[in-house]
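Q:
Residue numbers (my numbering): 62 to 977.
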């Protein structure tokens, strides 16, 4: 931290350029990058100061900073700070202003939803519904992963809307976020979703980027790489250069004006420090005029820091070591308690250290965050993190662990009374100190981080933050004695919550995906998600609780699906159902219902009829057990929604089109009325499939567009958004005038599918991509490659439906290329699998039979081909017979191209399927 501001003309010019462009209607993002000690924070603070002084007209400048230590666990932290500075758009009305004030005065970690509810009318109901859902989810240990991501993305979009509302309320807004590498993952996601919207808004960003080893910093670098490619027209980058020699001389002259400074001091200082501002400042603080011409130059920055520390007396060094152990900032009361000294004495000593030696500075009361105002303590910051690191290192490993434990207890004592809840930020600090204290505090650390995970999930709907705390809780639990009940219980509950929180992003056996991981060296088990689930399952068996065993078995079945495919997953899911059926007591019926729904959703991929029976049994259980239907549990409601729509689509796959339509229409209408509507895009997808299969193309397109709009407004990538976009591409391909749109949509759908990688949907969208390329005669080699890839993947995963479809696709591709024998071989493979497994979900049996017949005809097997065509005709007539509505039945028989080809002039059958 430099005392005087010199040079930086070029850097200030870059910042001023962003502000000037914004004032003239051109938004953008400037990343200001500086190595440690290069003066980045000082530069941004000086720019903000000059702007407030009126030297940057035409826009408002708001400077915020990610807080060291708690910044990476503070949902939307910098943006919430900015909203607090900006206040609601005037005039908000007395009641709204009062609600804003009350919410902003709470802990910043817990206040985000309430601040937004006060700032954005109508948002409170949405948060209330989300909190109810999250509360039920963390209590039952069965958070549906496909519903959590939409909730958090909805909240993120609302934060963006609130920020944009502030930007539009007055002069254009330039938001400066310093130390963005310390931001929480929700803020990084917010920035990513905000960037595409900047072009048309009176808002620009300046992001101060410093060095960091945190995983969040790696995630930010990934975002920057994406932005450089996708949003290069909005993004500019500026790297802070070292101070030139003349600026170092000016610093020396300013600092020691009126004193006899050795003539070559400035030149030697510039050479020794290479113009790094922090190094220059540390050396300037080492030399005093009484030193005369004796100007020893430290060999590097750590040596300069060490020289300054050596000038302190022993007691002062001890206080600073305690403070540095706590972090980049510390509290005088916590230091006093840890040192065993009176608070007033420590306050006087710290004040003297600041006056005589620098190194630390007391934060002005007006700058203390609201959550810390009532802690009755002085807040001190180190001049720079390099100083804090250097001082923290002046202790043995064992001494550091002991100090962390004592600091945690001291922080707990800062509240006014034991009955008063700790601010969330303080709970984070306590939990981190317990984690750093090592094995002796492992149980307390695991409990503290698990409690924080539940709290941020429920209170803030911040599931990525909850994930970070879960990971730390797991790591702490593993430090406890192996095989002990206290270890197993803590491990099981945190693994269960972590896997539920990350389920929507499972891919390739790891919990990594679009969202960044935790800060620091906190990692899950080396084997990935299935290893975590297996570890939790073993812990549950050691504990011997039947309900916990059933829940752990269910979770294991879901991870096996993501890692090893359908076959092992079905065995484990069936086991989960059996264990839940044998379980008695509170929570067992709910676990059984959720397990049956999950098993019933996956089983149709191997046996459609058996899967449908399980789903109908689950529906009967829900209706017969009042405790399930009357509990108002959002998790059970979610499972019920999934069960109903899965029954609908499986009835469709079974050819019972009338029943399927009735169920899917009813389910979709109910979901439209729900606050989050998390399952709505899935229900609309199933309904659109049915519309397409019955020739109701206009209705299908309407449903798909509704689903796409719903998810695009919510923001973020989604496997179901990709699937719906792929289906709309298929619809567009029917119209020659929409060929270009069809290709654009299917390519975008495939790219999004690869990003989200939902195991169930990848082969389906890949097959749709290959089918559309074949249909439009566009890149047959790519179509062949995609079909090959699906066959390789499905043989391992057990996704038979996609394997059958891929054999049919490759048969058509090879037939079009003149490879009749190969095409016939693929057709026979598809027929053999269909004969073994029967009707399959997301697979039209009559289409498989028709495509096989074409290959057989080309190879000269006319009688065999006619057999398959006859089967296909009977299948179409059977499905037609299930449709009670006369108009819909006629449309099914006459508007679906394949049905027209198969039936020719066949008369319309009645509801019982009669008539040719």
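No residue lacks a Cβ here, since even glycine has one placed at the ideal position from N, Cα and C.
(1) Provide the residue(s) that pair with residue 441 in DSSP beta bridges, ordered along the chain.
(2) Report the three-state DSSP secondary structure of residue 591 (helix, strand or coil).
(3) Determine the DSSP secondary structure at residue 481, reduced to helix, strand or coil.
(4) Contact defined as beta carbons within less than 8 Å: I believe residue 637 pairs with residue 618. What is the distance between those atoms, to the nearest angstrom?
(5) Mind pulling the alpha helix (DSSP H) runs of 4 or more residues that sit fully within the region 283-323?
(6) Among all the DSSP beta bridges, which residues are the ones paired with residue 238?
(7) Less than 8 Å between the beta carbons of residue 725 and residue 744, yes or no?
(8) Consult DSSP for residue 947 and reduce its assignment to one of helix, strand or coil.
(9) Buried or exposed: which applies to residue 393, given that a residue is buried once 16 or more other Cβ atoms fall within 10 Å of its Cβ?
(10) Touching or not, the region 884-891 and the region 904-923, by the rule of three or more beta carbon pairs under 8 Å?
(11) Alpha carbon to alpha carbon, how far is residue 655 from residue 501?
(12) Rounded C-beta distance between residue 868 and residue 852? I'm assuming under 8 Å.
(13) DSSP beta-bridge partners for residue 105?
(14) Leaving out five residues on either side along the sequence, give the residues of the same chain with a beta carbon under 8 Å from the beta carbon of residue 292.
(15) Between residue 943 and residue 716, which are expected to be in contact by the criterion C-beta below 8 Å, what is the C-beta distance as a whole number of angstroms?
(16) How big is the Cα-Cα spacing for residue 161 and residue 148?
(17) Is the distance from the Cβ of residue 641 to the Cβ of residue 611 below 8 Å?
(18) Taking all protein chains shown into account, do 16 or more other C-beta atoms lie within 10 angstroms of the C-beta of residue 409, making it buried, or fewer, making it exposed?
(19) Please classify residue 706 as buried or exposed, where buried requires at least 16 neighbouring CB atoms within 10 angstroms.
(20) Straight-line CA distance for residue 265 to residue 493?
(21) Look at the Cβ atom of residue 503, then the Cβ atom of residue 541, and state whether they are nearer than 8 Å.
(22) Give the range of the alpha helix (DSSP H) segment to which residue 556 is assigned.
(23) Tell me the rounded alpha-carbon separation between residue 934 and residue 602.
(24) Let me confirm a value: residue 241 is counted as buried when at least 16 other C-beta atoms fall within 10 Å, else exposed. Which label applies?
(25) Applying the 10 Å Cβ sphere with the 16-neighbour rule, what's the burial state of residue 137?
(26) Alpha carbon to alpha carbon, how far is residue 127 from residue 523?
(27) Identify the continuous alpha helix (DSSP H) that holds residue 91 and give its terminal residues.
(28) Does the count of Cβ pairs from the region 427-436 and the region 451-468 closer than 8 Å reach three?
(29) Beta carbon of residue 840, beta carbon of residue 833: below 8 Å?
(30) Taking C-alpha atoms, which residue in 312, 632, 86 and 380 lies nearest to residue 260?
(31) For residue 862, which option in 546, 849 and 894 has the closest C-alpha, if you only look at C-alpha atoms?
(32) Which value, in whole angstroms, describes the spacing of the CA atoms of residue 898 and residue 620?
(33) Identify, in the order they occur along the chain, each residue of the same chain with its Cβ nearer than 6 Å to the Cβ of residue 253, setting aside the five sequence neighbours on each side.
(34) With a threshold of 16 other CB atoms inside 10 Å of the CB of residue 956, please say whether the residue is buried or exposed.
(35) Given residue 758, which residues of its chain have a CB within under 8 Å of its CB, disregarding the five upstream and five downstream residues?
A: The relevant details are as follows:
(1) 391 and 423
(2) helix
(3) coil
(4) 6 Å
(5) 306-316
(6) 125 and 268
(7) yes
(8) helix
(9) buried
(10) yes
(11) 38 Å
(12) 7 Å
(13) DSSP output for residue 105 lists no bridge partner at all.
(14) 90, 256 and 257
(15) 6 Å
(16) Confidence at residue 161 is low in this model, with a pLDDT of 42, below 50, so its placement is unreliable and no value can be given for it.
(17) yes
(18) exposed
(19) buried
(20) 34 Å
(21) yes
(22) 546-563
(23) 53 Å
(24) buried
(25) buried
(26) 17 Å
(27) Segment 90-94 is the beta strand (DSSP E) holding residue 91; no alpha helix (DSSP H) there.
(28) no
(29) no
(30) 86
(31) 894
(32) 24 Å
(33) 284
(34) exposed
(35) 752, 792, 795 and 956
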